[in-house]
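What follows is a short report on a single structure.
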């Protein structure tokens, strides 16, 4: 979720609205093929309370992709299922990378703020240390003698 409230009547590409006959017609497949894909876990539509299948626009697109991989590329259904799983995994990992990059950027900004606060807290009256040159001169100190009070 993006944190915004959604209109419950707003249709998105993930809204399940198509019954199996319409989904079959839109995807160019037979309804029995859609049932088979559902049993195999290739395309899993949402279900109504009466257990009827409802397909979304994204499901229709996935059905077309499965058909294209099967017919044009000659990939078997087990291979297609693996491809779909890997694509979903890649999408999830890409999303996680975006989250981690945002967290890293936030941590870097916080670190820079703390560093700036530390630098701002330095005392300005400190004098940089300068190394004293060593000499071989010898200085003798003798205390003054006190004179007696006569």
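Residue numbers (the numbering used here): 1293 to 1442. C-beta: ideal position from N, C-alpha, C; glycine also. The structure displayed is predicted, hence computed values, not measured ones.
Can you grab the Cα-Cα spacing for the pair residue i / residue j, in whole Å?
i, j, result
"residue 1312", "residue 1323", "6 Å"
"residue 1350", "residue 1330", "14 Å"
"residue 1368", "residue 1362", "6 Å"
"residue 1386", "residue 1423", "55 Å"
"residue 1305", "residue 1391", "23 Å"
"residue 1388", "residue 1425", "59 Å"
"residue 1293", "residue 1337", "Here the model assigns residue 1293 a pLDDT of 46, short of 50, so the residue's position is not dependable and the matter cannot be decided."
"residue 1413", "residue 1404", "14 Å"
"residue 1314", "residue 1377", "26 Å"
"residue 1348", "residue 1308", "4 Å"
"residue 1406", "residue 1399", "11 Å"
"residue 1427", "residue 1421", "18 Å"
"residue 1371", "residue 1384", "20 Å"
"residue 1402", "residue 1408", "10 Å"
"residue 1299", "residue 1380", "27 Å"
"residue 1339", "residue 1328", "15 Å"
"residue 1397", "residue 1411", "21 Å"
"residue 1366", "residue 1395", "43 Å"
"residue 1360", "residue 1382", "21 Å"
Just mark residue i as buried or exposed, buried being the case when its beta carbon has 16 or more other beta carbons within 10 Å.
i, result
"residue 1430", "exposed"
"residue 1358", "buried"
"residue 1354", "buried"
"residue 1433", "exposed"
Quick one: what's residue i bridged to in DSSP?
i, result
"residue 1301", "Paired residues: none, contrary to the question."
"residue 1338", "1346"
Given a cut-off of 8 Å, decide if residue j and residue i are closer than it, judged by their beta-carbon atoms.
i, j, result
"residue 1319", "residue 1356", "yes"
"residue 1301", "residue 1352", "no"
"residue 1373", "residue 1334", "yes"
"residue 1444", "residue 1341", "In the structure as shown, the chain starts at 1293 and stops at 1442, and residue 1444 therefore has no counterpart that could be examined."
For residue i, decide whether its Cβ has a neighbour in chain D, counting only Cβ atoms nearer than 8 Å.
i, result
"residue 1306", "Of the protein chains in this structure there is only one, and it is not chain D."
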